[in-house]
Amino acid sequence: MVERLAALIGAGVAPGQAWRYLAEVDPHPRVAAVVSRLDGGAEVPGAIAVAASATGAARGASRVSGGGSRTRAAEESWQVLAAAWSVATAAGAPLARCLDDIAATLRGLAQAERDTSAALASPVATTRLVLVLPVISVAGASLLGLDTAPVLLGSPAGLTCLAAGVALTGVGALWSRHLVRRAAPADRAPGLLLDLTAVAVAGGGSLPAARALAATTIERLAPAALSPASGQLTVLAEVLALAERSGAPPAQLLRSEALRLRREAVAHTQRRTAELGVWLMLPLGTCVLPSFLLLAVAPLLLAALPPALL
Numbered sequence: 006m007v008e009r010l011a012a013l014i015g016a017g018v019a020p021g022q023a024w025r026y027l028a029e030v031d032p033h034p035r036v037a038a039v040v041s042r043l044d045g046g047a048e049v050p051g052a053i054a055v056a057a058s059a060t061g062a063a064r065g066a067s068r069v070s071g072g073g074s075r076t077r078a079a080e081e082s083w084q085v086l087a088a089a090w091s092v093a094t095a096a097g098a099p100l101a102r103c104l105d106d107i108a109a110t111l112r113g114l115a116q117a118e119r120d121t122s123a124a125l126a127s128p129v130a131t132t133r134l135v136l137v138l139p140v141i142s143v144a145g146a147s148l149l150g151l152d153t154a155p156v157l158l159g160s161p162a163g164l165t166c167l168a169a170g171v172a173l174t175g176v177g178a179l180w181s182r183h184l185v186r187r188a189a190p191a192d193r194a195p196g197l198l199l200d201l202t203a204v205a206v207a208g209g210g211s212l213p214a215a216r217a218l219a220a221t222t223i224e225r226l227a228p229a230a231l232s233p234a235s236g237q238l239t240v241l242a243e244v245l246a247l248a249e250r251s252g253a254p255p256a257q258l259l260r261s262e263a264l265r266l267r268r269e270a271v272a273h274t275q276r277r278t279a280e281l282g283v284w285l286m287l288p289l290g291t292c293v294l295p296s297f298l299l300l301a302v303a304p305l306l307l308a309a310l311p312p313a314l315l
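Next comes the structure, spelled out in structure tokens:
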């Protein structure tokens with residue numbers, strides 16, 4: 006979609022009219038939302054930002070980035086597009102060229118998102134399966150004729166096992182989710198700040214002004230795309246200092262460094278995911294398996310005892 010806009014604007018079509026032409030061939034709800042805002046007198050970056058939060062059908066939900074159909078990823082892609090358009094307009098950069106560059110950025114972010122999701126899919130599925138084992142064990146015992154519910158609900162010892170088993174299952178679920186979240190990347194859009202600074206530099210402004218414009222625009226239009234812990238600000242300062250000392254074109258340095266950050270983010274997530282398979286053994290061994298014993302095995306042993314001992 007971004008490539009189509011770049012081609013239309015490069016051919017001399019006004020930005021607002023380019024969106025209207027696009028809406029004639031692309032029925033995406035967010036494209037229609039942009040055109041509606043433009044017809045109401047809104048500026049293009051603001052119209053895109055409003056459309057970013059619009060809800061639409063799942064089909065084509067992330068065509069902006071060429072990624073999957075998940076709503077969150079699509080919304081973030083539209084936020085990035087709004088930020089990039091705003092930076093290009095404010096800096097006076099050639100819009101068609103900037104849109105081509107941002108299209109490449111969005112494709113890179115979408116690929117990083119797909120690689121991260123694929124790496125986390127197996128640990129997440131394993132966690133969900135393990136956490137339902139205690140419930141499956143109770144249901145399986147009932148199907149086999151070993152009804153443990155009367156023991157769990159009808160005696161102090163059974164109620165103690167039930168409460169402890171449920172508590173351990175809850176702790177195991179929270180622990181496992183924490184481990185999975187820790188393995189996820191801290192930066193949702195690695196390299197975005199550098200890419201938008203490259204767009205601002207294309208407008209001919211000073212490097213400090215380009216850096217400030219990119220940072221403030223991301224904070225305003227795409228706040229979820231830049232994590233304070235990502236380190237992009239530090240990398241940006243290093244690249245700009247290198248460009249000033251060497252006289253090298255800063256835009257090229259910024260784009261290559263942004264690409265490196267995306268590759269490193271994916272590699273880091275893959276390493277953390279490999280470690281996650283080992284760390285998940287902790288909640289499994291200390292919470293889920295004891296819960297299984299309390300909910301499935303202990304009631305069978307209690308049922309064999311005289312009622313006076315329960």
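Using my numbering, read the sequence shown as starting at 6 and increasing by one per residue.
Think of the CB as a built atom: it goes at the ideal place given N, C-alpha and C, for glycine as much as any other residue.
Buried/exposed call for residue i, threshold 16 Cβ in 10 Å
| i | result |
| --- | --- |
| residue 257 | exposed |
| residue 229 | exposed |
| residue 136 | buried |
| residue 6 | buried |
| residue 177 | buried |
| residue 250 | exposed |
| residue 67 | Confidence is the limiting factor: at residue 67 the pLDDT is only 39, short of 50, which leaves the residue's position unreliable, though a coordinate-based value still follows. Under this definition residue 67 is a buried residue. |
| residue 216 | buried |
| residue 188 | buried |
| residue 231 | buried |
| residue 91 | buried |
| residue 107 | buried |
| residue 69 | Here residue 69 scores only 43 on pLDDT, less than 50, and its place in the model should not be relied on; the value that follows carries that caveat. By the neighbour-count rule (16 or more Cβ atoms within 10 Å), residue 69 is buried. |
| residue 133 | exposed |
| residue 130 | exposed |
| residue 73 | Unreliable positioning characterises residue 73 in this predicted model, as indicated by a pLDDT of 41, which lies under 50. The coordinate reading is nonetheless provided below. Under this definition residue 73 is an exposed residue. |
Integer-rounded CB distance, given that residue j should sit under 8 Å from residue i
| i | j | result |
| --- | --- | --- |
| residue 56 | residue 227 | Between residue 227 and residue 56 the Cβ distance is about 13 Å, and since that is not below 8 Å, they are no contact. |
| residue 194 | residue 114 | 6 Å |
| residue 223 | residue 104 | Not really, about 17 Å apart at Cβ, beyond 8 Å. |
| residue 241 | residue 198 | 6 Å |
| residue 301 | residue 143 | 6 Å |
| residue 145 | residue 304 | Going by Cβ atoms, the distance from residue 145 to residue 304 rounds to 13 Å, so no, they are not a contact pair. |
| residue 147 | residue 154 | 7 Å |
| residue 101 | residue 11 | 5 Å |
| residue 212 | residue 255 | 6 Å |
| residue 200 | residue 260 | 6 Å |
| residue 4 | residue 295 | Absent from the model: residue 4. The displayed extent of the chain is 6 to 315, so no value can be given. |
Segment limits, alpha helix (DSSP H) that includes residue i
| i | result |
| --- | --- |
| residue 302 | Residue 302 -> no alpha helix (DSSP H), and no H or E assigned at all. |
| residue 177 | 161-188 |
| residue 273 | 255-284 |
| residue 222 | 212-226 |
| residue 247 | 237-251 |
| residue 292 | Taken as a continuous stretch (DSSP letters only), residue 292 belongs to no alpha helix (DSSP H), as it is neither H nor E. |
| residue 23 | 20-30 |
| residue 128 | 100-136 |
| residue 12 | 7-15 |
| residue 43 | 34-44 |
| residue 50 | 49-57 |
Near the ligand ZN: residue i beta-carbon under 7 Å from a heavy atom
| i | result |
| --- | --- |
| residue 148 | The model depicted lacks the ligand ZN and carries no ligand whatsoever. |
Using a Cβ distance threshold of 8 Å, determine whether the segment 200-215 contacts the segment 85-97, with at least three qualifying pairs required.
yes
Contact the segment 112-129 vs the segment 23-40: 3+ CB pairs below 8 Å
In short, these stretches do not touch, since the Cβ pair count stays below three.
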